[in-house]
Each structure stands twice: as structure tokens, then as C-alpha cells.
Amino acid sequence: MRVLLVQALSTEGPAPERVYPIGLVSLATHIKKAGHQVDILDMNLEEDPFGALKERLLDFQPEVVGLSLRNIDPLANKTSSLVPPFIVAVRLVASVLPGAWIIAGGTGFSLFPQRLMLELPEIHYGLVGEGEISFPALLSSLENPPSLKGLCRRDGGKVRVNLPARDFNMEQYVHPSRELLDPSLYLAGNNYVPPVGIEAKRGCSFQCSYCVYPRLQGRGLRCRPPAGVVDDMEILYKEYGIKRFHFTDPVLNHPRGHLEGICRELLHRRLDVRWSGFFREDCIDENNIGLFEQAGCECFSFSPDGLCQESLDILGKQLSEADILRAADLASRSDVVTVYHFMVNVPGETEQTCAKGVRLLERIYELHERKRNLGTVVLNNIRILPGTHIEAIAREKGVIGPGTDLLYPVYYNPEPFNAYRYHLETLNLYRNVFMWQGVKK
Ligand code: B12
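Plus 8 on top of the position in the sequence shown (first one is 1) and you've got the numbering used here.
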């Protein structure tokens with residue numbers, strides 16, 4: 009069968025930070041192995057994304073179009089949505105090729121399958137969760153599919169959603185066939201994030217109250233053997249000249265030992281690459297931090313989220329303020345840049361917690377001023393996503409009501425601390441500019 013896989017628009021406006029669609033390329037790899045003819049279109053690479061979609065549909069004449077909705081919205085306190093361009097993409101496919109099967113998937117879709125399929129009758133099937141096994145199985149049973157993991161199908165006026173696949177065996181991970189979508193197309197343009205991702209594991213065993221990662225990838229940690237991960241990097245380095253990577257793991261340095269194994273393999277092969285990822289503070293210590301740096305880590309991204317113990321607890325972080333400062337101290341002594349992410353105006357915020365947050369931020373800057381190695385501090389309000397504990401708290405506190413539509417951006421930011429973020433942003437910008445300019449306050 010001819011199958012066109014489409015990465016729908018992932019950012020608003022011309023994509024400033026591009027991300028190579030590793031999920032889609034992995035799926036393409038699997039369905040090609042299953043004997044299908046496959047083509048990929050990343051609308052984010054196109055100057056005229058909808059024109060490019062129409063053209064590709066007419067040229068390739070796919071029998072099946074798989075649309076990936078990665079992001080529902082851009083987060084970062086923004087109120088724009090990526091649902092409208094997704095709706096238009098689906099409708100364009102249905103109008104240009106009325107005989108084609110339309111299948112939707114991806115992380116954004118997996119968060120709102122029922123809602124999106126009810127809004128879009130043009131979608132024949134959806135797949136929530138991982139697609140490596142279910143997608144090829146669905147392609148070979150389109151007229152009457154069995155009850156596949158993650159399958160979303162219509163039943164009268166309703167949409168039935170099966171439990172998602174979150175158990176793909178990462179020991180049997182297949183290198184994504186990069187020739188299906190050239191990674192070098194992504195090399196220009198990004199200022200911060202390495203566009204090419206590497207999967208070292210899937211799953212997250214933590215239970216942070218706002219987060220959907222366990223829902224998307226499950227709680228069990230499925231690690232790839234380190235040699236396979238490094239093979240992936242080596243292929244990209246040697247065949248495509250890719251030297252910078254971002255590990256896509258929810259938490260890169262958990263469980264302890266796995267990343268260390270990858271680092272030792274990188275050093276053993278003398279692979280001169282740079283990489284980044286999200287680190288957990290309580291899994292970093294004097295022993296492994298040097299190894300991470302030596303093996304090419306170029307940015308420690310921390311997402312402690314809570315700015316004081318009360319907030320850490322309400323967010324379910326299983327971390328202490330001391331863990332944050334200890335990791336900050338270690339990272340600030342290295343030559344690696346560190347970026348911190350925090351949530352602001354979380355449930356239970358008071359004058360006291362706000363003051364504690366300011367102190368923590370000041371303390372982090374003091375540590376990093378020694379070597380001037382703090383990239384930035386990202387400050388966000390919580391985007392309320394369905395099924396999270398934060399959604400329940402927001403309902404209980406009346407921050408959202410029965411009529412609130414969570415498909416579109418809704419943040420937890422009630423009065424009286426709804427302007428606290430701006431206060432912290434000022435502090436962050438002030439400390440950051442003064443640090444980088446070497447000006448004493
Ligand atoms: C790594 C990551 C990043 C990295 C990417 C680095 C890189 N070079 O790759 C960075 C930090 C840069 C990043 C940035 C952003 N991200 Co991000 N990211 C992730 C993360 C942790 C993993 C994504 C990943 O690569 N997974 C591995 C691949 C293999 O899996 P996959 O994409 O899910 O694909 C599988 C399935 O979804 C399915 N599938 C996918 N497509 C299709 C299509 C069809 C037809 C079918 C059937 C199946 C299917 O099959 C695939 C294989 O199993 C996810 C959270 C998570 N745990 O999933 C968030 C996540 C996807 N990101 C998210 C967002 C919002 C963003 C940003 C907008 C945030 C921001 N403000 O900067 C940007 C957007 C960047 C962009 N251009 O798209 C959200 C999306 C949901 C939402 N709330 O909208 C998530 C879910 C995190 C969250 N906060 O909830 N991200």
C-alpha cells in the first residue's frame with residue numbers, strides 16, 4: 009500500500025526551533041519493513057505547508073494518510089493552539105483524496121483522541137500511544153481491524169478508544185531509517201535545541217501532578233542497550249554529519265547507571281559529539297557529573313518545577329530544595345551550561361512561598377555566577393491537561409468549571425498570584441543579563 013506520513017504543524021508561525029520527527033520516521037521504518045511504500049512530509053519544513061501537502065497528495069496518490077499531531081499547543085504560557093492547522097490539514101486530505109484512509113496519531117492526538125475524532129469525522133481511525141506494532145497491524149486490516157492496542161474507532165455516534173500501547177520492547181528498537189527523511193534538512197536554523205533526537209529509553213516512573221509523560225509512555229522504564237544508542241549516534245555522525253543531539257527521554261539520568269553506560273560507550277568509541285537532555289537532580293553526583301561532561305554533555309536541563317518545598321510537594325516531585333541546590337552547585341562547577349524550568353503560581357501559593365521562590369532563584373544565580381554558566385530559567389504557568397491531578401485540583405478550587413474546554417490552552421494561574429510570573433521573569437532577566445555582561449549588581 010502507498011502510505012504518506014505527515015507531520016502536522018508543530019509550532020506557530022515559521023518554525024524557529026525545528027525538531028526531526030523521530031516518531032514518524034520510526035513508524036515509516038516499521039511499515040516499510042512490512043512491505044508498504046512510504047513517503048514522509050514534514051509540514052514544518054515547508055514555506056507553504058498546505059500547498060506542499062496538496063502537492064504531495066496529488067503526486068504520490070497515497071491510499072493511506074497518517075497524520076501526526078505532536079503538539080496541541082506551544083505551551084510556554086501562550087494561548088495559541090495547533091489544533092486549527094491540524095483540522096485544516098485533515099480536511100485538506102479528505103477533500104483532495106476522498107478515497108484515502110485517514111489515520112491520526114502522535115502525542116497531541118493521544119491526549120485528546122475522542123475529542124479530536126468527534127470534531128473531525130474525516131478521520132477513519134486513530135491510534136493512541138506507541139505505533140510501532142499497532143500501525144502496521146492496522147494497515148493490514150483496514151476494513152475490519154481487530155482490537156489493537158491504542159485503536160480509536162467509531163461506534164455509532166461515539167468513539168471507542170483502546171488502552172494505548174506503551175510497551176514496545178526497547179531492546180528490539182530498530183534504528184530509524186534516516187534515509188526516509190534526511191536529517192541534514194534540519195541542521196540550519198535552530199538556536200537552542202539540537203534538532204535531531206535520540207531515544208535512549210521510554211517511560212517515566214515519577215508521578216508529577218501536572219505531567220502526561222507516564223500516560224504517553226507508561227511508568228515502566230524501558231532502556232535501550234547503550235551500544236545500540238551509540239550506534240544510532242555514530243550512524244548520524246558518520247553518514248549525515250550530525251554532531252549535536254537531544255535525548256528524548258522523559259528523564260535522561262534515571263535509572264542510575266544507564267546514561268553512565270552510554271557515556272562510557274561514547275568515550276570508548278571516541279565519538280566527538282555534543283548532547284543534551286532533561287536530568288533529575290537527585291540522580292546527579294560528584295562521580296557521574298564529570299563523566300557526563302567528558303562524554304559530550306553540552307547542557308544540563310533541570311525541571312525541578314517547584315520553587316520551594318511546599319510547591320515541590322504539591323507537584324509530586326519527590327525532590328527537596330536541598331536536592332535542587334546540590335545539583336545546581338555541582339552543575340555550576342562544570343563547564344556545561346545549565347537551564348532550569350520552574351512552574352509558577354502552583355496550587356497552594358502564598359506570600360511566603362513566593363518569597364521562598366525568589367530566594368531559591370537568587371541562590372541558583374549566586375552559584376552559577378562563579379563560572380557564568382546559567383543558560384536561562386524558564387518560568388511557566390501549568391497548562392492544565394485532562395486526567396492529571398492538577399486538573400482535579402483546578403476543578404475543586406473552581407479555577408476551571410464544567411464548561412472549560414481543555415483542548416485549547418488553559419493555564420493554572422488564579423488570583424492573587426497571577427502576576428507572580430512577571431515578577432520572577434524580571435528577576436531572572438536582570439540576574440541573567442548582569443551575569444552574562446559581567447556587571448555587578
Ligand atoms: C523530547 C521532547 C522534546 C524535545 C525534542 C528534541 C528533539 N530534537 O527531538 C524538545 C525539548 C526540543 C521539545 C520541544 C517541544 N515540545 Co516536546 N517533548 C519531548 C518528549 C519528552 C518526547 C518526544 C519524543 O521524541 N518521543 C519519542 C518518539 C519516538 O515518540 P512519539 O513522537 O510520541 O511517536 C510515537 C507515537 O506518538 C506514535 N505516533 C507519532 N506520530 C504518529 C502518527 C500516526 C499516524 C500514528 C498512527 C502514530 C503516531 O508512534 C510513535 C512511535 O511509537 C515529549 C513527551 C513524551 N514523553 O512523549 C514532549 C512533548 C511531545 N512536547 C511537547 C511540547 C508542547 C513541546 C514544545 C511546544 C514545548 C515548547 N514550548 O518549547 C516544543 C515544540 C518543538 C517542536 N518543534 O515540535 C508536548 C506536546 C503536547 C502538548 N502539550 O501540546 C509533550 C507531550 C510534552 C508535554 N509537555 O506534555 N520536546
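Think of the CB as a built atom: it goes at the ideal place given N, C-alpha and C, for glycine as much as any other residue. All of these numbers come straight from a predicted model, not from anything done at the bench.
Could you give the distance in angstroms between the alpha-carbon of residue i and the alpha-carbon of residue j?
i	j	result
V220	A336	26 Å
E187	L193	11 Å
I39	P184	11 Å
Q360	N440	24 Å
A400	A84	21 Å
R161	G107	18 Å
G298	S342	8 Å
L171	K449	55 Å
E140	F176	7 Å
E318	R272	38 Å
V366	V447	20 Å
Q69	P417	35 Å
G236	E242	10 Å
C231	H349	25 Å
G116	G164	24 Å
L333	I372	7 Å
S340	Y438	19 Å
F409	A402	The sequence given here places Gly at residue 409; Phe does not occur at that position. If I take the Cα positions, the gap works out to 8 Å.
E71	I398	41 Å
Q45	L13	11 Å
D280	G197	22 Å
A363	K62	54 Å
C212	R64	37 Å
L66	S76	19 Å
N353	N426	7 Å
T358	M351	14 Å
P239	G411	Checking the displayed sequence, the identity of residue 239 turns out to be Asp instead of Pro. So the two alpha carbons sit approximately 50 Å from each other.
P24	P57	15 Å
I390	K41	41 Å
A97	E130	11 Å
T55	M443	Residue 55 is actually Glu in this sequence, not Thr. When rounded, the distance between both Cα atoms is 38 Å.
R264	R174	22 Å
Return the Cβ separation of residue i and residue j in integer angstroms, given the expectation that the two are a contact with Cβ distance under 8 Å.
i	j	result
V182	T37	6 Å
Y133	L124	Contact flag wrong, Cβ pair sits at about 12 Å.
F253	P202	5 Å
I270	P222	23 Å between Cβ atoms; not a contact.
N436	L369	7 Å
E248	T396	Note that residue 248 is Tyr in the sequence shown, not Glu. Contact flag wrong, Cβ pair sits at about 38 Å.
V73	I110	5 Å
L338	L119	Their Cβ separation, rounded to whole angstroms, is 35 Å, which puts L338 and L119 out of contact at 8 Å.
R288	H262	5 Å
E268	N296	6 Å
L195	G158	Wrong, their Cβ atoms sit about 33 Å apart, outside the cutoff.
V91	L415	6 Å
P191	L244	6 Å
V78	S18	The sequence shown places Arg at residue 78, rather than the Val named in the question. Confirmed, about 5 Å.
Per the DSSP calculation, residue i is bridged to which residue(s)?
i	result
C307	S284 and V345
L255	For the record, residue 255 in the displayed sequence is Phe; it is not Leu. In DSSP, F255 forms a bridge with I206.
D313	F350
R230	R210
G74	L13 and I111
G137	A173
C291	Its beta-bridge partners do not exist; DSSP assigns none.
Y419	R391
L49	V14
T87	T87 is not bridged to any residue.
Among the options, which residue has its Cα nearest to the Cα of residue i?
i	options	result
E166	E127, I141, P203 and D240	What sits at residue 166 in the sequence shown is Lys, not Glu. Minimum Cα distance to K166 is reached at E127.
S284	G269, E301, R272 and D293	E301
Q445	A303, K379 and V418	K379
D321	Q215, G59, N198 and Q180	Q215
N199	I372, V27 and F442	V27
Y419	P355, L65 and V169	P355
L189	P121, V259, V33 and V96	V33
A16	G113, H276 and E423	G113
E138	Y245, I30 and L414	I30
I292	F308, K251 and N79	F308
V204	L274, R174 and K251	K251
R282	F255, V407 and S148	F255
R278	A303, R264, E294 and P258	A303
P82	H276, G21, L274 and G59	G21
- Item | Meets three-Cβ-pair contact criterion under 8 Å: the segment 306–313 and the segment 325–344 | Yes: at least three Cβ pairs fall under 8 Å.
- Message: Contact between the segment 150–160 and the segment 199–211 is defined here as three or more beta-carbon pairs at a separation below 8 Å; is this criterion met?
- Response: Result no; under three Cβ-Cβ pairs closer than 8 Å.
- Does the segment 39–58 come within contact of the segment 220–236, defined as at least 3 CB pairs closer than 8 Å? Taking 8 Å as the limit for Cβ pairs, the verdict is that the segment 220–236 does not touch the segment 39–58.
- Given 8 Å as the limit, is there contact between the segment 428–440 and the segment 103–122, that is, 3 or more CB pairs closer than that? Short answer: they don't touch.
- Tell me, please, whether the segment 343–350 touches the segment 382–397 by the rule of three or more beta-carbon pairs shorter than 8 Å. A contact exists between the segment 343–350 and the segment 382–397.
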